[in-house]
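Protein chains in written order, with the working numbering: chain A, 23 to 236; chain B, 23 to 236; chain C, 23 to 236; chain D, 23 to 236.
Protein chains: 4
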Amino acid sequence: MSQGAPVRSWSRRKQARPGEILDAALKVFAEKGFAAARMEDIAARAGVTKGTIYLYFPGKEEVFKTLAREYIGGTLADVAKKAAQYDGSLRDFLTVFFGMAGAVIIEGERTVLPKIIIAESGNFPELARFYREEVIDRAFAVMGGVIERAMDRGEVRRLQVRDVVRVIVAPLVMSIIWRTTFAPFDTEAFDYKRFFATHIEILFGGLAPEGNKS
Amino acid sequence: MSQGAPVRSWSRRKQARPGEILDAALKVFAEKGFAAARMEDIAARAGVTKGTIYLYFPGKEEVFKTLAREYIGGTLADVAKKAAQYDGSLRDFLTVFFGMAGAVIIEGERTVLPKIIIAESGNFPELARFYREEVIDRAFAVMGGVIERAMDRGEVRRLQVRDVVRVIVAPLVMSIIWRTTFAPFDTEAFDYKRFFATHIEILFGGLAPEGNKS
Amino acid sequence: MSQGAPVRSWSRRKQARPGEILDAALKVFAEKGFAAARMEDIAARAGVTKGTIYLYFPGKEEVFKTLAREYIGGTLADVAKKAAQYDGSLRDFLTVFFGMAGAVIIEGERTVLPKIIIAESGNFPELARFYREEVIDRAFAVMGGVIERAMDRGEVRRLQVRDVVRVIVAPLVMSIIWRTTFAPFDTEAFDYKRFFATHIEILFGGLAPEGNKS
Amino acid sequence: MSQGAPVRSWSRRKQARPGEILDAALKVFAEKGFAAARMEDIAARAGVTKGTIYLYFPGKEEVFKTLAREYIGGTLADVAKKAAQYDGSLRDFLTVFFGMAGAVIIEGERTVLPKIIIAESGNFPELARFYREEVIDRAFAVMGGVIERAMDRGEVRRLQVRDVVRVIVAPLVMSIIWRTTFAPFDTEAFDYKRFFATHIEILFGGLAPEGNKS
DNA sequence: AATGAATGAGATTTCATTCAT
DNA sequence: GATGAATGAAATCTCATTCAT
């Protein structure tokens with residue numbers, strides 16, 4: 023504080039505020055949806071008052087949109103880059119992939135965004151489109167590339183790549199929904215890691231017992 | 023009321039009204055969510071005026087809850103009963119099951135309810151619980167029974183039943199989400215039937231090429 | 023009620039409402055200006071509640087604009103038509119004209135509109151322009167025509183018509199301002215009629231005593 | 023100020039601040055009215071920030087009132103003194119008077135105050151009263167004195183002095199209104215000097231052609 | 001002396017709900 | 001049974017004012 027930089031303390035605060043507000047908004051929107059979320063709730067959770075939000079955002083809708091846009095880039099770009107360069111086996115790739123995904127879901131903070139997009143797609147179609155194009159289509163393309171290389175390599179058999187991607191990803195989607203919607207009513211904690219392990223097991227071995235492949 | 027009195031035609035109308043309102047409400051809630059749905063929208067879509075809704079329901083919340091409760095029983099009970107008695111092969115069962123599911127998704131009318139539950143689980147946790155207990159847990163139990171019998175029969179290998187159910191069901195959940203959220207932005211129509219076929223193929227054969235089972 | 027016309031009473035009310043609201047708004051806007059006028063004030067004066075205004079107008083600004091547009095046409099069109107056809111002496115014309123104007127000012131209801139336009143010209147320049155073009159320019163043109171004919175006839179001497187119109191009209195403008203701004207503080211009522219008579223006397227006789235014309 | 027003491031520049035600045043703020047406020051109030059004028063606008067135009075205004079004035083209302091009171095004294099007192107002592111002809115007096123008035127109107131800076139008073143008379147009746155008593159009544163009294171002496175002298179004929187004052191002043195009032203409200207929409211600049219010349223001409227000669235005095 | 005981030009009272013606007021017709 | 005004009009609580013948003021820096 024008393025070091026060289028003559029940064030006044032409210033100046034540091036000003037830098038941090040938008041982020042604090044977005045963090046608070048993420049939670050409130052995830053909980054109530056866009057329409058039922060009150061600016062006052064968001065403010066309170068961010069530790070400020072209504073008015074303060076308007077110093078940083080022109081209105082509720084822009085808070086929401088900023089949130090949806092902002093929270094995407096970070097996580098995804100890195101993953102995509104690594105995946106695109108990956109050249110090990112598909113099974114190893116998926117093991118690592120679902121390992122990371124499981125951690126994210128268990129932690130639970132960031133999984134609310136997809137839920138928000140799903141819930142508000144009717145009210146903000148442009149956001150759904152944005153998410154679809156910037157996140158989903160890209161992720162599917164990267165995953166599709168990994169699979170295609172596995173097919174070329176002979177690691178897995180040739181099937182419609184588009185469908186295979188979805189079959190692989192579906193349990194992840196389902197887990198996100200589960201976590202944000204039904205998990206609160208679980209009597210015993212659901213074991214996402216074991217679930218993903220079973221998924222991979224079935225993916226690569228099928229359900230049929232050894233030697234009985236249909 | 024239950025007497026022999028001659029039923030006049032507007033009386034039949036009266037009987038039909040609540041259903042018409044619920045049909046309208048389903049669409050509006052699916053599109054906008056609970057909070058953003060206006061009673062006037064629902065009324066307009068049902069071909070009546072705002073006031074009329076209050077003749078049949080005490081308020082917006084009750085319309086929503088009735089909707090959520092009402093639309094569940096019908097479809098499911100029958101399916102569950104048939105499934106419980108089913109004793110053919112799992113593969114045949116799933117083929118029929120996903121055939122029906124595909125038809126429902128393509129038609130698209132009834133798939134909005136899960137979306138509503140997901141979107142509003144924060145505002146109506148009791149509904150999410152109800153749906154979870156009455157629909158999901160039951161459906162999972164029925165499906166689990168079918169699988170367990172297949173395991174007993176030696177048709178499929180022994181794995182955690184709970185996880186297997188979810189792996190099987192996940193593409194269905196994903197398709198429902200897709201249909202209600204992202205399908206409007208599809209450049210070419212997504213082929214749900216082929217997707218489900220690929221899913222079953224992978225389930226029973228795995229991804230690995232013949233003879234390479236890991 | 024039981025007469026021929028099946029007009030339900032709230033139906034009659036609905037017809038009358040917009041007018042009642044505009045009447046109320048005229049008074050409140052004249053008193054407080056646009057920004058300081060509260061929708062609740064307008065509603066209260068119209069004998070309704072805030073919400074009702076929004077059944078008839080999309081918002082405060084539209085109430086204001088409707089008011090400004092609506093209240094103009096009626097009075098002016100008739101006067102203009104008569105004036106354009108008038109072919110008596112200018113002096114008689116002005117005597118009648120200021121007689122009517124005096125009555126309007128004393129009554130005081132309609133003089134608030136010009137004041138509103140003046141006060142809000144900064145916030146609603148498009149209204150000031152509208153008023154200028156539709157009211158003032160037209161009125162000046164009509165008056166200019168009457169004067170020109172009087173010059174042609176030799177009743178009055180040739181001077182810049184544009185300026186003469188303004189000299190003639192100025193005391194009227196001043197009276198309107200006076201009435202809406204300073205009259206409340208008059209210790210004795212100002213006699214607009216005598217003022218206008220003096221004005222006409224000076225117009226036609228000049229200030230100089232008989233025989234001393236400069 | 024005119025002393026020998028070395029005046030540091032920020033000290034001079036401090037003295038100047040209230041004046042700079044009032045200058046800025048005058049323009050903003052004239053443009054938007056009291057209620058719609060934002061402290062931030064005034065601050066920005068004065069080249070300071072909101073907070074600074076509160077170092078010199080207790081609040082918005084006081085800025086407004088100070089403005090209204092302050093800007094009156096200066097100009098008027100001098101004029102009044104000169105006019106009271108004036109003993110030339112009325113015509114010469116008015117020629118000089120309107121010459122100065124024309125310059126003030128064309129320059130346009132100071133004419134906004136009357137407009138402000140008119141616009142806000144409803145919200146600040148005490149200001150309207152103050153203006154009426156301190157400015158208008160005094161000005162009318164001075165002008166009335168000049169006219170009365172002209173009547174005594176036989177320069178002009180005997181008419182109600184009160185009305186004559188208003189007839190004389192009306193074109194000035196009108197020009198002030200015009201300038202602040204409608205002039206922005208002029209296609210060609212209005213010539214206030216010629217207008218005033220025509221006014222004086224009519225005042226002293228009447229409208230009637232030579233020898234036809236009615 | 002000056003700043004500008006933060007506050008919160010108060011305005012506009014929306015819409016579920018009521019009720020006279 | 002149905003209507004739709006009217007209500008008023010509750011939300012969003014604005015901006016005069018405060019105060020730590």
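C-beta atoms are modelled at their ideal positions from N, C-alpha and C, and glycine is treated no differently.
Checklist entry - Mapping DSSP to helix, strand and coil, what is F204/D? => result Translated into positions along the fourth sequence, residue 204/D becomes position 182. Coil at F204/D, not helix or strand.
Checklist entry - In chain order, which continuous runs of the alpha helix (DSSP H) of length 4 or greater are located wholly inside the stretch 70 to 140 of chain D? => result List check, alpha helix (DSSP H) in window: 72 to 78, 82 to 107 and 112 to 129.
Checklist entry - When the Cα atoms are used, what is the spatial distance from A46/B to A161/A? => result In the second sequence, counting from the first residue as 1, residue 46/B sits at position 24. In the first sequence, counting from the first residue as 1, residue 161/A sits at position 139. About 36 Å.
Next on the checklist: Just to confirm before moving on: does the CB-CB distance between F204/C and A150/D stay below 8 Å?
Outcome noted: On the third sequence, residue 204/C is found 182 positions in, with the first residue counted as 1. On the fourth sequence, residue 150/D is found 128 positions in, with the first residue counted as 1. Closer than 8 Å, so yes.
Next on the checklist: Suppose the cutoff is 7 Å on Cβ atoms and the five residues either side in sequence are ignored; what does the same chain contact list for F226/C look like?
Outcome noted: Indexing the third sequence from 1 puts residue 226/C at position 204. Apart from the 5 residues on each side of it in sequence, F226/C sits with its Cβ closer than 7 Å to the Cβ of R113 in its chain, given in chain order.
Checklist entry - So what's S197/A in DSSP terms, helix, strand or just coil? => result Taking the first residue of the first sequence as 1, we reach residue 197/A at position 175. S197/A: helix per DSSP, three-state reduction.
Item to check | Contact list for A150/A against chain B, beta-carbon separation under 8 Å | outcome: Working through the first sequence from its first residue, we reach residue 150/A at position 128. Going along chain B in sequence order, the residues near A150/A (Cβ under 8 Å) are T203, F204, P206 and F207.
Checklist entry - What residue range is occupied by the uninterrupted alpha helix (DSSP H) comprising F146/D? => result Walking along the fourth sequence from the start, residue 146/D turns up at place 124. Neither: F146/D is in no alpha helix (DSSP H) and is coded neither H nor E.
Next on the checklist: Which same chain residues end up closer than 6 Å to G166/C when comparing Cβ atoms and leaving out the 5 residues on each side of it in sequence?
Outcome noted: The residue given as residue 166/C occupies position 144 in the third sequence. V183 and V187.
Checklist entry - Is the CB of T88/C under 8 Å away from at least one CB in chain D? => result In the third sequence, the residue the question calls residue 88/C occupies position 66. So no, T88/C is outside the interface.
Item to check | Beta carbon proximity, D109/C to chain D, threshold 8 Å | outcome: If you number the third sequence from 1, residue 109/C lands on position 87. So, not an interface residue.
Next on the checklist: Please report the distance separating the alpha-carbon of R154/A from that of G176/B.
Outcome noted: Taking the first residue of the first sequence as 1, we reach residue 154/A at position 132. Taking the first residue of the second sequence as 1, we reach residue 176/B at position 154. The straight-line gap from Cα to Cα measures roughly 42 Å.
Next on the checklist: Quick check: the stretch 53 to 67 of chain D against the stretch 99 to 109 of chain D, are at least 3 beta-carbon pairs closer than 8 Å?
Outcome noted: The stretch 99 to 109 of chain D makes no contact with the stretch 53 to 67 of chain D: fewer than 3 CB pairs, one atom from each, lie closer than 8 Å.
Next on the checklist: Determine whether the beta carbon atoms of F218/B and G124/B lie at a separation below 8 Å.
Outcome noted: Walking along the second sequence from the start, residue 218/B turns up at place 196. Walking along the second sequence from the start, residue 124/B turns up at place 102. Yes, Cβ-Cβ distance for F218/B and G124/B is below 8 Å.
Item to check | Given 8 Å, three or more beta-carbon pairs between the stretch 208 to 215 of chain D and the stretch 138 to 148 of chain D | outcome: Not touching, per the Cβ criterion.
Next on the checklist: Under 8 Å, Cβ to Cβ, is there at least one residue of chain D near A27/C?
Outcome noted: Locating residue 27/C in the third sequence gives position 5, where the first residue counts as 1. Low local confidence applies: a pLDDT of 47 at A27/C is under 50, so the model's placement there is unreliable, with the coordinate-based value given in what follows. Judged by the 8 Å Cβ criterion, A27/C is not in contact with chain D.
Item to check | Cα-Cα separation between L89/B and M196/A, rounded to whole angstroms | outcome: Counting from 1 along the second sequence, the entry for residue 89/B is found at position 67. Counting from 1 along the first sequence, the entry for residue 196/A is found at position 174. Their Cα atoms are separated by approximately 24 Å.
Next on the checklist: Here's the rule I'm using: 16 or more other beta-carbon atoms within 10 Å means buried, otherwise exposed. How should T133/A be labelled?
Outcome noted: Position 111 of the first sequence, counted from the start, is the residue given in the question as residue 133/A. Of the residues assessed, T133/A falls on the buried side of the cut-off, its CB having 16 or more other CB atoms within 10 angstroms.
Checklist entry - For T71/D and chain C, any beta-carbon pair shorter than 8 Å? => result As a position in the fourth sequence, residue 71/D is number 49, starting the count at 1. No, because no Cβ of chain C sits closer than 8 Å to the Cβ of T71/D.
Checklist entry - By Cβ distance, which residues of its chain are closer than 7 Å to E9/C, with the 5 residues on each side in sequence left out? => result Nothing can be reported for residue 9/C, as the shown portion of chain C is limited to 23 through 236.
Item to check | Neighbour list for E156/A in chain B, Cβ cutoff strictly below 8 Å | outcome: Here residue 156/A corresponds to residue number 134 of the first sequence, with the count starting at 1. For E156/A, none of the residues of chain B pass the 8 Å Cβ criterion, the least Cβ distance being about 12 Å.
Checklist entry - Can you give the beta carbon distance from A59/A to P193/B, rounded, assuming they're within the 8 Å contact cut? => result Position 37 of the first sequence holds residue 59/A. Position 171 of the second sequence holds residue 193/B. That belief does not hold up - the Cβ atoms of A59/A and P193/B are roughly 32 Å apart, past 8 Å.
Next on the checklist: With a threshold of 8 Å between beta-carbons, can D174/A be considered close to chain B, or not?
Outcome noted: Residue 174/A sits at position 152 when you count from the first residue of the first sequence. Chain B has no Cβ within less than 8 Å of the Cβ of D174/A.
Checklist entry - In the structure shown, what three-state DSSP assignment does V178/C receive? => result Here residue 178/C is taken as the residue at index 156 of the third sequence, counted from 1. It is coil, neither helix nor strand.
Item to check | Given I199/B as reference, the closest of K137/A, D174/A and A163/A once Cα atoms are compared | outcome: Within the second sequence, the letter at position 177 stands for residue 199/B. The alpha carbon of I199/B has as its nearest neighbour, out of K137/A, D174/A and A163/A, the alpha carbon of K137/A.
Checklist entry - Is K54/B buried or exposed, if buried means 16 or more other CB atoms sit within 10 Å of its CB? => result Stepping through the second sequence from its first residue, residue 54/B is reached at position 32. It is buried - the Cβ of K54/B has at least 16 other Cβ atoms within 10 Å.
Item to check | Residue interval of the alpha helix (DSSP H) (run including E15/A) | outcome: In the structure displayed, chain A extends from 23 to 236; residue 15/A sits before or after that span and is not available.
Next on the checklist: Assuming L225/B is part of the alpha helix (DSSP H), what are its boundary residues?
Outcome noted: Mapped onto the second sequence, residue 225/B falls at position 203. That run of the alpha helix (DSSP H) goes Y214 to G227.
Next on the checklist: Give me the chain C residues within the contact set of R216/D, using Cβ-Cβ distance strictly less than 8 Å, ordered along the chain.
Outcome noted: Taking the fourth sequence and counting its residues from 1, the one referred to as residue 216/D is at position 194. When 8 Å is used as the limit between beta carbons, R216/D is near these residues of chain C: Q182 and D185, in chain order.
Item to check | Neighbour-count burial assignment, R34/D, 16 or more Cβ in a 10 Å radius | outcome: Here residue 34/D is taken as the residue at index 12 of the fourth sequence, counted from 1. The pLDDT assigned to R34/D is 49, lower than 50, so where the model puts this residue is not dependable, and the model offers no usable value.
Item to check | Assumed close pair I222/A, F120/A - CB separation to whole angstroms, cut-off 8 Å | outcome: Looking up residue 222/A in the first sequence gives position 200. Looking up residue 120/A in the first sequence gives position 98. With a Cβ gap of about 7 Å, I222/A and F120/A count as contacting.
Checklist entry - What's the C-alpha gap between K82/A and S143/A? => result Numbered from 1 along the first sequence, position 60 holds the residue referred to as residue 82/A. Numbered from 1 along the first sequence, position 121 holds the residue referred to as residue 143/A. Roughly 16 Å separates the two Cα atoms.
Checklist entry - Closer than 8 Å, CB to CB, is K15/D near chain C or not? => result With chain D running from 23 to 236 in the structure shown, residue 15/D is simply not present.
Next on the checklist: Once the 5 residues before and after F56/A are set aside, which same chain residues still bring their CB inside 7 Å of it?
Outcome noted: Along the first sequence, read from residue 1 onward, the residue named residue 56/A stands at position 34. The residues are F86, E142 and N145.
Checklist entry - Does DSSP put A46/B in a helix, a strand or coil? => result For the purposes of this step, residue 46/B is taken as the residue at position 24 of the second sequence. Here A46/B sits in helix by DSSP.
Checklist entry - What residues from chain B crowd round V178/A, counting only those whose CB sits closer than 8 Å? => result Within the first sequence, residue 178/A is the residue found at index 156, counting from 1. By Cβ distance, chain B contributes L229, A230 and P231.
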